[in-house]
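Residue numbers (the UniProt record's numbering): 1 to 118.
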């Protein structure tokens, strides 16, 4: 048996769901100085509140609080239930140091100690 809700009740449920997503997510998106809160994220994309975000496209930065997670190339996918969904074309994890262009031996010294003699 299917139950149908009135438009007012459905709108109230949708508003409560969006508020819950807003409060529960620490993820944020930075695009050219503008910041948007990410409501949900999955392996191939993420969603942002449709009222806040324009149809973004291109290079964006994804943060968890102050931690820079990914630099992403995105494209707007679709709008569904008040959420604007975006798909990753590329999501590159951000590292805290530059990549090595050689293999580091597991027993290599971490640094050299100078004894001060000339």
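The beta-carbon is built from N, C-alpha and C at its ideal position, and this holds for glycine as well. Every value quoted in this text rests on a predicted model; they were computed, and no experiment measured them.
If you compare the alpha carbons of 70, 97, 85 and 81 with that of residue 91, the shortest gap goes to 70. When DSSP states are grouped into helix, strand and coil, residue 8 belongs to the helix group. Taking one beta carbon from each stretch, the segment 56 to 75 and the segment 85 to 102 have 3 or more pairs nearer than 8 angstroms; the two touch.
7 angstroms or more divides the Cβ of residue 83 from the Cβ of residue 56. Scanning its chain for C-beta atoms nearer than 6 angstroms, with the 5 sequence neighbours on each side dropped, one finds around residue 79 the residues 50, in chain order.
The criterion of a C-beta distance shorter than 7 angstroms is not satisfied by residue 117 and residue 65. Residue 81 has its alpha-carbon roughly 23 angstroms from the corresponding atom of residue 60. In this chain, the beta strand (DSSP E) harbouring residue 64 covers 57 to 64.
DSSP places residue 88 inside the beta strand (DSSP E), whose first and last residues are 83 to 93. For residue 52, the secondary structure class from DSSP, reduced to helix, strand or coil, is coil.
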